[in-house]
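Worksheet for the structure shown next.
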DNA sequence: TATCAATCTGAAAACGTTTTCAAATCAATG
DNA sequence: CATTGATTTGAAAACGTTTTCAGATTGATA
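Residue numbers (our numbering), protein chains in the order written: chain A, 828 to 1160; chain B, 828 to 1160.
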């Protein structure tokens, strides 16, 4: 019941060895005679000694902690990634410091700096946009940083993603093949490379392949919120769209519900296909067809990659693209 | 571009003062002449000095980091709490180490111990059950621990919750008042005090108040999964239930969809009411009526409470009960 | 101008580990 | 029974801060 904290020195004294030896057995160093090891282990047990990770971090310059920057854990897309990250981190004996950035540029660099000051061994960044300033900060540190489910068009940091352009292209082709001439592209902010550069490119390519002219009016740039989706029906209808590709599941659910509530039947009169395959796709009615992304795996692979970087192990590919699929459910014909 | 890390000592030398003085200005200590302060600040800026939080933690015995144990961030109930926690933590300059426990007893105590070894200043625990062993560990440390959205029937640790019994009682009364004689109680494991002790109590009380005898057959103990909910229709129908109270939103969505898919109209032929008011309630059709819980606030208040505990500030109430409400949507008449 | 209190500053000791380096021990060999 | 090389060990120096305590400086007062 005593609360005085027991240190390595106490163990050393009690076991009649030096701190160095205690340190060795705690760290599983092999250069210690079995008899001594046992003696030390017994004392550790008796005294209920628990190494102070902070002191250890100072001495060894390793904290076994990694920073994770995420726009919002409340978003299923990101929480799925985060879960994959934490599981692999745990597997490799790391803990994660999780911080929400709200995609706020300023908060992102500020949070990055506090993470660095806490001497994390590595960082996983998830975010919609990498500003110049952030990129500068990334460059300035030698702490490894990997991007998960997030693209930087300058491709400086290692990253784990799917091929967004190809995925959207396939979605759109799919829709066009079934006769949709006017497919809306409903996305988050176009200033985010993932939308404005990759996904939009896929959309345009599919149009081009089908010989359909690009129409600016079919691009709906939103904030990716469910609520926003619900309000889109009038605009979509008056633009003459007969189908929509959405870049976010909540947004897609909003669109679908907005349509349905306005009496437009999905998928009969309007098809919807979404992009993240979170479990929400199964919960709404009709169930939403979606690009399938291995969300958990994106996080997991990113963390695994980071462990290699932190150990200076060789890494064969710095830009991992995981496979995606297309899952037909009930929101498409 | 140089990567050698600059220490407080470098700043001291460059500014021609002692480390103590640099430390003072970094920590905003007032006992330093404005002129010296400026000189030091300039050097800090010039050298781009960033204090090492690990060394600081060792010297000051404060890490400005708190541990957060959660069953699964992927669950919206918990991610909402986590978000509230992180926001308030950030406000008070703390970071959170987030760990998923999967409600695994063993993992919970193990994770608690690594958190303590990392010298977190406090811990917020979310979990379904506090085993005896865990309670022992809680007692053994003097690091403050608060429970968020989680109940321990022995009420040893400070906690933030709503009155689950009263809320369920109100839900059930509501259903009974509209003529439902057979209301099913679909819950997570009854061994969890929140279900078996509190919510069930509220359910029974409502029955008692209405003079309806308790029927074991109307209690459906599940794993709280969406999928499980979808499979419940046959059992619910054959038990003669005309309404269900569910303790989890995903579970409730499953029940509702299962009913609907089987041709049972909600709410006309079967009413459903749920308990967590996550945004899922608005996304499914019909929208689900629910107890409203201030999820974000539960996390936020828990974190605020923890800051007080960490600063040895007086705390007036150790068991906070936040207000709940009842939100009628479309899954009830 | 001497005195006193208040204000500022620095030297050095923590904080609890890891790590380096040399010394001690041990076993086997010639 | 010395000699050698491997195996175990311990002393002490990091690691980069905070904090304590005493000393130096300042400004006002008598």
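Ideal Cβ placement from N, Cα and C applies to all residues, glycine included.
Predicted model only: the values in this text are computed from it and were never measured.
Problem set entry | Contact with chain A by residue 1094 of chain B, beta-carbon distance below 9 angstroms | Sequence index remark: in the second chain, residue 1094 of chain B carries index 267 (1-based). Put simply, the CB of residue 1094 of chain B is far from chain A, with every gap to its CB atoms at 9 angstroms or more.
For this session: Report yes or no: is there a C-beta of chain A within less than 9 angstroms of the C-beta of residue 918 of chain B?
Result: Counting from one through the second chain, the residue named residue 918 of chain B turns up at place 91. By this cut-off, residue 918 of chain B is not an interface position.
For this session: Please work out which residues of its chain come closer than 7 angstroms, Cβ to Cβ, to residue 899 of chain B, disregarding the five sequence neighbours upstream and downstream, and give them in chain order.
Result: On the second chain, residue 899 of chain B is found 72 positions in, with the first residue counted as 1. Excluding residues within five positions, the ones whose Cβ falls inside 7 angstroms are 905, 927 and 929.
Problem set entry | the region 1106-1139 of chain B: positions lying closer than 8 angstroms to chain A by Cβ | 1106, 1107, 1109, 1110, 1111 and 1112
Exercise. Taking the beta strand (DSSP E) that residue 1059 of chain B falls in, what are its first and last residues?
Worked result: By 1-based counting over the second chain, the position of residue 1059 of chain B is 232. First-last for residue 1059 of chain B: undefined, no H or E at that position.
Exercise. So residue 915 of chain B is in the alpha helix (DSSP H); what residue range does that whole segment cover?
Worked result: Taking the second chain and counting its residues from 1, one reaches residue 915 of chain B at position 88. Segment 903-918, the alpha helix (DSSP H) holding residue 915 of chain B.
Problem set entry | CB contact below 9 angstroms: residue 961 of chain A versus chain B | Within the first chain, residue 961 of chain A is the residue found at index 134, counting from 1. Chain B, which has no Cβ nearer than 9 angstroms to the Cβ of residue 961 of chain A, makes this no.
For this session: Going by CA-CA distance only, name the one from A:1053, A:960, A:973 and A:1099 that's closest to residue 935 of chain A.
Result: The residue labelled residue 935 of chain A in the question sits at position 108 within the first chain. Of the candidates A:1053, A:960, A:973 and A:1099, A:960 places its Cα closest to the Cα of residue 935 of chain A.
Exercise. If you drop the 5 nearest sequence neighbours on each side, which residues of the same chain put their C-beta closer than 7 angstroms to that of residue 1155 of chain B?
Worked result: Against the second chain, residue 1155 of chain B aligns to sequence position 328. For residue 1155 of chain B, where only same-chain residues beyond five positions count, the Cβ hits under 7 angstroms are 1116.
Exercise. So residue 1054 of chain B and residue 1081 of chain B are in contact, right, with Cβ under 8 angstroms, and what is the actual spacing, rounded?
Worked result: Walking along the second chain from the start, residue 1054 of chain B turns up at place 227. Walking along the second chain from the start, residue 1081 of chain B turns up at place 254. Yes, residue 1054 of chain B and residue 1081 of chain B are in contact; Cβ-Cβ is about 6 angstroms, under 8 angstroms.
Problem set entry | Coil, strand or helix - residue 839 of chain B by DSSP | Translated into positions along the second chain, residue 839 of chain B becomes position 12. Helix at residue 839 of chain B.
Exercise. Under 9 angstroms between C-beta atoms, does residue 954 of chain A make it to chain B?
Worked result: For the purposes of this step, residue 954 of chain A is taken as residue 127 along the first chain, with counting starting at 1. Not an interface residue.
Exercise. What residue range is occupied by the uninterrupted alpha helix (DSSP H) comprising residue 887 of chain A?
Worked result: Here the question's residue 887 of chain A lines up with position 60 in the first chain. Segment 880-887, the alpha helix (DSSP H) holding residue 887 of chain A.
Exercise. Residue 1015 of chain A CB to nearest chain B CB: under 9 angstroms?
Worked result: The count along the first chain starts at 1 and reaches residue 1015 of chain A at position 188. Closer than 9 angstroms: no.
Problem set entry | Distance between residue 1087 of chain A and residue 1047 of chain A (C-alpha atoms, nearest Å) | Taking the first residue of the first chain as 1, we reach residue 1047 of chain A at position 220. Taking the first residue of the first chain as 1, we reach residue 1087 of chain A at position 260. Residue 1047 of chain A and residue 1087 of chain A: Cα-Cα distance of roughly 19 angstroms.
For this session: Please look up how many angstroms separate the CB atoms of residue 1230 of chain B and residue 1149 of chain B, rounded, as I've assumed it's under 8 angstroms.
Result: Here chain B has residues from 828 to 1160 only, and residue 1230 of chain B is not among them.
Problem set entry | Under the three-state DSSP convention, the category residue 953 of chain B falls into | The residue you call residue 953 of chain B lines up with position 126 of the second chain. Here residue 953 of chain B sits in coil by DSSP.
For this session: For residue 965 of chain A, name the three-state secondary structure that DSSP assigns.
Result: As a working mapping, residue 965 of chain A is identified with position 138 in the first chain. Helix.
Exercise. Got a sec? Which residues, its chain only, sit under 7 angstroms from residue 1120 of chain A by beta carbon, not counting five neighbours each side?
Worked result: The count along the first chain starts at 1 and reaches residue 1120 of chain A at position 293. Excluding sequence neighbours, residue 1120 of chain A sits near 989, 1103, 1104 and 1151.
Exercise. Mapping DSSP to helix, strand and coil, what is residue 1033 of chain B?
Worked result: Translated into the one-based positions of the second chain, residue 1033 of chain B becomes position 206. Here residue 1033 of chain B sits in helix by DSSP.
Problem set entry | Cβ of residue 849 of chain A within 9 angstroms of any chain B Cβ | As a working note, residue 849 of chain A is residue 22 in the first chain. By this cut-off, residue 849 of chain A is not an interface position.
For this session: Indicate whether at least one CB of chain A lies closer than 9 angstroms to the CB of residue 873 of chain B.
Result: Sequence index remark: in the second chain, residue 873 of chain B carries index 46 (1-based). No, residue 873 of chain B lies away from the interface with chain A (no Cβ there is under 9 angstroms from its Cβ).
For this session: Measure the C-alpha to C-alpha separation of residue 1142 of chain A and residue 949 of chain A and round it to an integer number of angstroms.
Result: Position 315 of the first chain, counting from 1, holds the residue named residue 1142 of chain A. Position 122 of the first chain, counting from 1, holds the residue named residue 949 of chain A. Each residue's Cα considered, the two are about 15 angstroms apart.
Problem set entry | Whole-angstrom C-beta distance between residue 915 of chain B and residue 894 of chain B, which should lie under 8 angstroms | Counted from its first residue, the second chain places residue 894 of chain B at position 67. Counted from its first residue, the second chain places residue 915 of chain B at position 88. Cβ-Cβ separation between residue 894 of chain B and residue 915 of chain B: approximately 15 angstroms, too far for a contact (criterion under 8 angstroms).
Exercise. With residue 1099 of chain A and residue 1073 of chain A assumed to form a contact (beta carbons below 8 angstroms), what rounded beta-carbon distance in angstroms separates them?
Worked result: Locating residue 1099 of chain A in the first chain gives position 272, counting from the first residue. Locating residue 1073 of chain A in the first chain gives position 246, counting from the first residue. Sure, about 7 angstroms apart at Cβ, within 8 angstroms.
Exercise. What in chain A is Cβ-close to residue 864 of chain B, meaning under 7 angstroms?
Worked result: Within the second chain, numbered from 1, the residue matching residue 864 of chain B stands at position 37. In chain order: nothing, as chain A lies at least about 21 angstroms away.
Exercise. What is the DSSP secondary structure of residue 988 of chain B, counted as helix, strand or coil?
Worked result: In the second chain, residue 988 of chain B corresponds to position 161, counting from 1. It is a strand residue.
For this session: Going by CA-CA distance only, name the one from B:1122, B:1157, B:1138 and B:1158 that's closest to residue 901 of chain A.
Result: Numbered from 1 along the first chain, position 74 holds the residue referred to as residue 901 of chain A. Looking at the Cα atoms, B:1122 is the closest of the given residues.
Exercise. Does the beta-carbon of residue 828 of chain B have 16 or more other beta-carbons within 10 angstroms, so that it is buried, or is it exposed?
Worked result: On the second chain, position 1 is the one that residue 828 of chain B refers to. Low confidence applies here, because residue 828 of chain B scores a pLDDT of 29, under 50, leaving its location unreliable and the question unanswered by this model.
Problem set entry | Below-9 angstroms beta-carbon distance, residue 932 of chain B vs any chain A residue | Position 105 of the second chain, counted from the start, is the residue given in the question as residue 932 of chain B. No, because no Cβ of chain A sits closer than 9 angstroms to the Cβ of residue 932 of chain B.
Exercise. Would residue 892 of chain A pass as a contact of residue 919 of chain A if the rule is Cβ separation under 9 angstroms?
Worked result: Counting from one through the first chain, the residue named residue 892 of chain A turns up at place 65. Counting from one through the first chain, the residue named residue 919 of chain A turns up at place 92. No.
Problem set entry | Coarse secondary structure for residue 977 of chain B, derived from DSSP in three states | Translated into positions along the second chain, residue 977 of chain B becomes position 150. Of the three classes helix, strand and coil, the one that applies to residue 977 of chain B here is coil, per DSSP.
Exercise. Per DSSP, residue 1152 of chain B is paired with what?
Worked result: Residue numbering aside, residue 1152 of chain B sits at position 325 when the second chain is read from its first letter. Its beta-bridge partners are B:1119.
Problem set entry | Distance between residue 986 of chain A and residue 996 of chain A (C-alpha atoms, nearest Å) | Looking up residue 996 of chain A in the first chain gives position 169. Looking up residue 986 of chain A in the first chain gives position 159. Answer to the nearest angstrom: the Cα atoms are 21 angstroms apart.
Problem set entry | Environment of residue 958 of chain A [buried if 16+ CB atoms lie within 10 Å] | Numbered from 1 along the first chain, position 131 holds the residue referred to as residue 958 of chain A. By the Cβ-count criterion, residue 958 of chain A is exposed, with fewer than 16 other Cβ atoms from all chains shown falling within 10 Å of its own Cβ.
For this session: Label residue 946 of chain A either buried or exposed according to how many other C-beta atoms from any shown protein chain fall within 10 Å of its C-beta, with 16 as the threshold for buried.
Result: Along the first chain, read from residue 1 onward, the residue named residue 946 of chain A stands at position 119. Classification for residue 946 of chain A: buried.
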